[in-house]
Amino acid sequence: MRILCAVDGSEYSQWGVQALEALASREPEHITLLHVVDKPALQALAGKNPVRERRVLAAMEKAGGSLLREAARSAHVALGQAATAARSTIQTILAHGPLAKTIAREARRVKADLIIMGSRGLSDIQGFLLGSISRQVASMAPCSVWIVKQPTRKLLHVTLAVDDSKPSRAAAKFLRSYLPPETATVTILSSVESPVTDFAARYLSESQLADLRKPVMERAVAFVNSVRDAFIKDGFLVVTQVQMDHVIETIVKHIEANRDELLVIGSRDLTKSERLYLGSVSESLLRHAPCSVLIVRGARA
Numbered sequence: 001m002r003i004l005c006a007v008d009g010s011e012y013s014q015w016g017v018q019a020l021e022a023l024a025s026r027e028p029e030h031i032t033l034l035h036v037v038d039k040p041a042l043q044a045l046a047g048k049n050p051v052r053e054r055r056v057l058a059a060m061e062k063a064g065g066s067l068l069r070e071a072a073r074s075a076h077v078a079l080g081q082a083a084t085a086a087r088s089t090i091q092t093i094l095a096h097g098p099l100a101k102t103i104a105r106e107a108r109r110v111k112a113d114l115i116i117m118g119s120r121g122l123s124d125i126q127g128f129l130l131g132s133i134s135r136q137v138a139s140m141a142p143c144s145v146w147i148v149k150q151p152t153r154k155l156l157h158v159t160l161a162v163d164d165s166k167p168s169r170a171a172a173k174f175l176r177s178y179l180p181p182e183t184a185t186v187t188i189l190s191s192v193e194s195p196v197t198d199f200a201a202r203y204l205s206e207s208q209l210a211d212l213r214k215p216v217m218e219r220a221v222a223f224v225n226s227v228r229d230a231f232i233k234d235g236f237l238v239v240t241q242v243q244m245d246h247v248i249e250t251i252v253k254h255i256e257a258n259r260d261e262l263l264v265i266g267s268r269d270l271t272k273s274e275r276l277y278l279g280s281v282s283e284s285l286l287r288h289a290p291c292s293v294l295i296v297r298g299a300r301a
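If you're matching positions, the sequence shown starts at 1 in the numbering used here and goes up one per residue.
So this is what it looks like as structure tokens:
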């Protein structure tokens, strides 16, 4: 697996580097450590003073090179704890440009399978107002994205939220491929919406509601069981949960109660116009989930 890890010298980006230990590939890994100098922001800071701009840029590039060397040392330590360490290679890149766009561009250029980056885990309101870089990257990225919200050296409790879709199948396959089966208990969680609105339910009997909801639940249970069987075959310890309720609320409440370290979700690829709008399940969970979130890119619906 080819991993791009974005670093900026903060405690949060250090979490991303440390997370390399937790999600160890079973295949040889290539790690790219990326630091981006936000040149447009720098130019705005320097005003119309080209001499000042050059000095500030030189200082930022020097600092960037230093933090990349430190990140490389941390990555070697993290990978030293994983079985793949001897087969892993690490490179560093100092790039220029708007942060989120440049991270997505470099991920595409190095053909990354996964972007890892730390996040402050802002509240919904703060994240909305600030337009966090991690959320922007998640919407622009050409590959899967792992947003690390807390120190994560080991994964003990992981929830895979699924529905009967290609992105969910892709997320399950990704997790089985890159999470060592002996490390964590995986909960396969499916929350399905009722086929009947609350308004319509007022005019239906309990038996009528049950008849309408039964096939929806049966399909969800069958899909979850098929995903569970694949994990068990690969040696994972698995728990399943299927219920009919509000999707986002159910997943967030489960994570809080279970104290998961990681939520894994599938996400279909978005068009450029779709990326301008908020509101997708993956976007909402990235904002609301109290744990780190791995968004696995799947096929377009």
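Note that beta-carbon positions come from the ideal geometry of N, C-alpha and C, so glycine has one too.
Beta-carbon proximity list for residue i, same chain, < 8 Å, skipping 5 on both sides
| i | result |
| --- | --- |
| Leu156 | Thr183, Ala184, Thr185 and Glu261 |
| Asp124 | With a pLDDT of only 42 at Asp124, under 50, the local geometry of the prediction cannot be trusted, and no value is derived from it. |
Strand pairing of residue i, partner residues [DSSP]
| i | result |
| --- | --- |
| Cys143 | DSSP, once it has assigned bridges, lists no residue as partnering Cys143. |
| His35 | Leu94 |
| Gly266 | Val296 |
| Leu4 | Thr32 and Ile115 |
| Val239 | Thr187 |
| Met244 | Val192 |
Nearest-angstrom Cα separation, counted from residue j out to residue i
| i | j | result |
| --- | --- | --- |
| Gln136 | Ile232 | 35 Å |
| Gly97 | Pro290 | 30 Å |
| Glu283 | Val162 | 15 Å |
| Val158 | Ser194 | 26 Å |
| Phe128 | Asp229 | For Phe128, the pLDDT reaches just 39, beneath the cut-off of 50, and the residue's location in the model is therefore unreliable, leaving the point undetermined. |
| Gly64 | Arg55 | 14 Å |
| Lys173 | Val296 | 10 Å |
| Gln126 | Ala170 | Model confidence at Gln126 stands at a pLDDT of 40, short of 50, so the residue's coordinates are unreliable and nothing is read from them. |
| Met217 | Met244 | 7 Å |
| Gln18 | Ile90 | 14 Å |
| Leu94 | Glu70 | 13 Å |
| Thr92 | Ser119 | 20 Å |
| His30 | Ser88 | 6 Å |
| Met60 | Val110 | 23 Å |
| Thr32 | Leu4 | 5 Å |
Nearest neighbour of residue i, chosen from the options [CA to CA]
| i | options | result |
| --- | --- | --- |
| Ile251 | Asn225, Glu11, Asp164 and Val281 | Val281 |
| Cys143 | Ala112, Gly266 and His288 | Ala112 |
| Pro215 | Val192, Thr197, Ala59 and Asp198 | Val192 |
| Ala224 | Asp234, Glu256, Leu286 and Gln241 | Residue identity check: residue 224 is Val in the sequence provided, not Ala. Of Asp234, Glu256, Leu286 and Gln241, the residue nearest in Cα terms is Gln241. |
| Glu106 | Ser74, Ala141 and Ala201 | Ala141 |
Residues of its chain near residue i, where Cβ-Cβ distance is below 7 Å and the 5 sequence neighbours each way are ignored
| i | result |
| --- | --- |
| Leu99 | Val36, Asp38 and Ile133 |
| Leu212 | Pro195 and Val196 |
At what residue ranges does the region 154-216 contain a whole run of the beta strand (DSSP E), taking only runs of 3 or more? 157-161 and 185-192
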